[in-house]
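Trainee:
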Amino acid sequence: MIESLLCRLIYPLRNATLFHQALQMAYTDPLSKTNNRIALNSTLLREISRSKRGNQRLSLIFVDVDHFKSMVTWLWLRLQAG
Numbered sequence: 001m002i003e004s005l006l007c008r009l010i011y012p013l014r015n016a017t018l019f020h021q022a023l024q025m026a027y028t029d030p031l032s033k034t035n036n037r038i039a040l041n042s043t044l045l046r047e048i049s050r051s052k053r054g055n056q057r058l059s060l061i062f063v064d065v066d067h068f069k070s071m072v073t074w075l076w077l078r079l080q081a082g
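Per UniProt numbering, the sequence shown starts with residue 1, numbered consecutively.
1. Could you compute how far the alpha carbon of E3 sits from the alpha carbon of N36?
2. Secondary structure at T34, three-state DSSP: helix, strand or coil?
3. Would you kindly check if the distance between the Cβ of L31 and the Cβ of V72 is under 7 Å?
4. If we call anything under 7 Å between Cβ atoms a contact, is Y27 one with I38?
5. What does the alpha-carbon distance come out to for the pair Q80 and S51?
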């Protein structure tokens with residue numbers, strides 16, 4: 001009986017964990033470990049909804065980084081070294 005109850009708890013918890021890991025992988029760039037466009041869109045929708053719900057202003061700042069590829073390459077090499 002205890003074994004049956006544990007199986008009913010373990011499999012849903014395992015599935016939830018795997019689902020969470022899949023979402024993290026979908027939202028994260030594997031090289032830079034930063035959020036990607038999918039994560040940006042999701043976060044923007046959530047924050048816009050939150051600001052409307054709370055009748056609050058929302059500010060957004062975008063930064064264009066020149067030579068982003070070379071910065072990521074530099075970071076990747078440093079991470080690989082140590």
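Just so it is clear, CB atoms sit at the ideal spot from N, CA and C, and this is done for glycine as well.
Mentor: With the structure as the only source:
1. Their backbone Cα atoms lie some 41 Å apart in a straight line.
2. coil
3. yes
4. yes
5. 41 Å
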